[in-house]
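Taking it in order: structure first as structure tokens, then the write-up.
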Amino acid sequence: MDAACKKVDDEEIIERYLTGRLSLEEAEAFEQHLLECQRCFSELQWRHAAAIELESQTVRPAVSSRPLRRYGWRFATAAAAGMLLLAALFSYVFLFRGVKPDSEAVIDQLASLGQPPLYLPSTIRGAKSQPALELFAKGMREYANQKYQDAVPLLESAARLDPDHLPTAFYLGISYLILDQPDAGIPWLVKVVRADPNPYAEEGHWFLSKAYFKKGNLDEARRELEAVVKLEGSYAPPAQNALERMKALRHVPE
Amino acid sequence: MSDDESSLGERFRPQIVYFALRRLRDRTLAEEVAQETLVAVIRALRENRLRDDSKLPAFVFAVAKNLVHQIYRKRYQEAEALPDLEMDFFKPWISDPEAGLLLEEQRKEVGRALGRLRPIEREILRLSFEEGKTGVDIAQELGMGQAAVRKRKSRALARLRKIYIKMSQKTGL
Numbered sequence: 000m001d002a003a004c005k006k007v008d009d010e011e012i013i014e015r016y017l018t019g020r021l022s023l024e025e026a027e028a029f030e031q032h033l034l035e036c037q038r039c040f041s042e043l044q045w046r047h048a049a050a051i052e053l054e055s056q057t058v059r060p061a062v063s064s065r066p067l068r069r070y071g072w073r074f075a076t077a078a079a080a081g082m083l084l085l086a087a088l089f090s091y092v093f094l095f096r097g098v099k100p101d102s103e104a105v106i107d108q109l110a111s112l113g114q115p116p117l118y119l120p121s122t123i124r125g126a127k128s129q130p131a132l133e134l135f136a137k138g139m140r141e142y143a144n145q146k147y148q149d150a151v152p153l154l155e156s157a158a159r160l161d162p163d164h165l166p167t168a169f170y171l172g173i174s175y176l177i178l179d180q181p182d183a184g185i186p187w188l189v190k191v192v193r194a195d196p197n198p199y200a201e202e203g204h205w206f207l208s209k210a211y212f213k214k215g216n217l218d219e220a221r222r223e224l225e226a227v228v229k230l231e232g233s234y235a236p237p238a239q240n241a242l243e244r245m246k247a248l249r250h251v252p253e
Numbered sequence: 000m001s002d003d004e005s006s007l008g009e010r011f012r013p014q015i016v017y018f019a020l021r022r023l024r025d026r027t028l029a030e031e032v033a034q035e036t037l038v039a040v041i042r043a044l045r046e047n048r049l050r051d052d053s054k055l056p057a058f059v060f061a062v063a064k065n066l067v068h069q070i071y072r073k074r075y076q077e078a079e080a081l082p083d084l085e086m087d088f089f090k091p092w093i094s095d096p097e098a099g100l101l102l103e104e105q106r107k108e109v110g111r112a113l114g115r116l117r118p119i120e121r122e123i124l125r126l127s128f129e130e131g132k133t134g135v136d137i138a139q140e141l142g143m144g145q146a147a148v149r150k151r152k153s154r155a156l157a158r159l160r161k162i163y164i165k166m167s168q169k170t171g172l
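Residue numbers (numbering that gives the first Met the number 0), protein chains in the order written: chain H, 0 to 253; chain E, 0 to 172.
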């Protein structure tokens with residue numbers, strides 16, 4: 000292993016590359032190293048595959064990890080045993096009602112936004128002369144800094160001035176979702192998906208499904224997921240997957 | 000195409016496809032970028048424009064990046080916001096469906112290998128790869144010492160690597 004590979008290992012470069020935590024310069028330097036180093040490229044490939052598998056295999060525990068920190072593993076084991084007992088009890092109760100016991104956990108997962116759509120602030124043509132665009136640019140700077148609470152009023156003002164500007168409506172809807180206000184976000188996302196043609200259609204339907212999941216409105220959520228699948232874009236496979244998981248929810252014992 | 004030239008393809012193609020896919024999220028386009036890059040590199044070699052062999056990877060990378068940027072420019076011509084040329088690079092990548100398809104073979108092997116790890120090892124890997132947490136964060140989250148996390152992680156990776164390599168050899172990958 001040469002010095003460059005050691006650096007890759009010591010500084011967790013592969014993990015940071017995969018999760019987007021290297022600067023572009025660092026990432027490109029690493030990519031050039033991969034062209035010279037079969038070992039690191041193979042490491043990257045299987046670790047990436049492992050990350051995908053870990054994600055698909057993991058069902059997030061409903062308990063937070065805090066008790067672990069405070070009471071250590073022994074408590075965790077006891078707590079886990081307790082949870083198992085509770086789970087057994089719940090499944091007993093729920094089986095007779097025809098709903099799978101983990102349905103709420105599944106819906107929670109389906110409602111989870113994952114990483115919010117990324118926005119990198121950039122120069123917007125004509126923003127100086129158009130107040131709506133200038134407000135949009137300001138709002139999106141807050142959004143990019145993950146200050147969604149501050150982004151919302153700016154984007155709201157931008158939307159009042161220019162109600163047809165799709166990016167404003169889209170990111171406003173998303174910001175509300177992140178702030179856990181699906182009712183406020185839904186009208187904006189509906190506006191986005193109704194515009195035709197538009198580049199936000201697929202993401203719009205996808206995040207609308209999340210909003211409906213958050214509200215527990217499964218029929219609407221399914222309709223949005225079906226719309227995503229129909230568009231055959233990059234969200235189609237996860238949408239298909241979510242639909243399959245929904246089917247499993249509607250479990251009615253004979 | 001000479002032997003040297005076709006081995007060039009074997010040596011660089013998978014990496015170029017991977018980099019281009021991360022930026023373009025489109026397998027067909029990524030394969031095209033790889034193809035065109037290799038053609039350009041071979042041409043440069045034939046014309047003797049690349050005297051220093053050690054510069055080859057940097058040259059390959061620059062050609063591929065340039066091709067990706069050409070595609071970006073076309074793609075975002077209509078957009079009102081002038082995009083940062085690398086904005087798609089930072090979109091969530093691990094679970095992108097295109098990446099999943101690209102790494103399908105590896106996933107099968109690794110998936111089985113993961114099943115043989117201890118739950119705590121799997122959790123450390125998940126926090127590290129999926130949530131992008133550093134050793135320090137993981138230690139804090141799990142209430143363990145940093146050294147212990149580091150040790151468990153490297154042991155888990157070593158075990159995974161061993162099982163993965165053994166399994167891939169068996170399946171002839």
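Built from N, CA and C at the ideal position, the CB exists for glycine as well.
Once the 5 residues before and after Glu175/E are set aside, which same chain residues still bring their CB inside 6 Å of it? Outside the displayed range of chain E (0 to 172) lies residue 175/E, so it cannot be described from this structure.
Could you tell me the boundaries of the alpha helix (DSSP H) in which Tyr142/H lies? Pro130 to Ala143
Note down, in chain order, every chain H residue with its Cβ under 7 Å from the Cβ of Thr133/E. Glu11
Residues in its own chain within less than 8 Å of Leu51/E by CB, not counting five upstream and five downstream? Looking at the sequence provided, one finds Asp at residue 51/E rather than Leu. The answer is none, since no qualifying residue turns up.
Roughly how many angstroms lie between the CA atoms of Cys4/H and Asp161/H, to the nearest whole one? 52 Å
Along chain H, in chain order, which residues have C-beta atoms closer than 7 Å to that of Leu44/E? The premise fails here: Leu44/E is roughly 15 Å from chain H at the closest Cβ pair, so nothing lies under 7 Å.
Can you tell me whether Lys190/H is helix, strand or coil according to DSSP? helix
Tell me where the alpha helix (DSSP H) around Arg45/E begins and ends. Arg26 to Arg45
Using a threshold of 7 Å, is the CB atom of Thr18/H nearer than that to any non-hydrogen atom of the ligand MN? Summarising the ligand content, the structure contains no ligands, and the ligand MN is consequently not present.
Chain E residues whose Cβ lies nearer than 7 Å to that of Ala50/H: Ile93, Phe128 and Glu129
Cβ of Glu14/H within 8 Å of any chain E Cβ: yes
Alpha carbon to alpha carbon, how far is Pro236/H from Arg159/H? Give it in angstroms, no decimals. 35 Å
Applying the criterion that 16 or more other CB atoms from any shown protein chain within 10 Å of the CB defines a buried residue, is Glu231/H buried or exposed? exposed
From what residue to what residue does the alpha helix (DSSP H) around Pro236/H run? Ala235 to Leu248
Measuring straight from C-alpha to C-alpha, what distance separates Asp136/E and Asn65/E? 37 Å
Tyr199/H in three-state terms, based on DSSP: coil
Cross-chain neighbours of Ala146/E in chain H, by beta carbon under 8 Å: Within 8 Å Cβ-Cβ: nothing; Ala146/E doesn't reach chain H, min ~14 Å.
Scan the stretch 29-51 of chain H for residues whose Cβ lies nearer than 7 Å to a Cβ of chain E and list them as they occur along the chain. Glu30, Gln31, Leu33, Leu34, Glu35, Phe40, Gln44, Trp45, Arg46, His47, Ala48, Ala49, Ala50 and Ile51
Euclidean distance between Cα positions of Arg106/E and Trp45/H: 7 Å
Given a threshold of 16 other Cβ atoms within 10 Å of its Cβ, counted over all protein chains shown, does Asp87/E qualify as buried or as exposed? buried
Please compile the residues from chain H whose C-beta is within a distance smaller than 8 Å of the C-beta of Glu85/E. Leu23
Could you give the distance in angstroms between the alpha-carbon of Thr133/E and the alpha-carbon of Gln239/H? 33 Å
One question on the structure: do Ser105/H and Leu248/H come within less than 8 Å of each other, judged by their Cβ atoms? Checking the sequence, you will find Val at residue 105/H rather than Ser. Contact flag set, yes.
Assuming Ala155/E contacts Glu120/E (C-beta within less than 8 Å), just tell me the rounded distance between them. 4 Å
With 16 other Cβ atoms within 10 Å as the buried cut-off, status of Lys152/E: buried
Can Thr167/H and Leu154/H be called in contact, C-beta distance under 8 Å? yes
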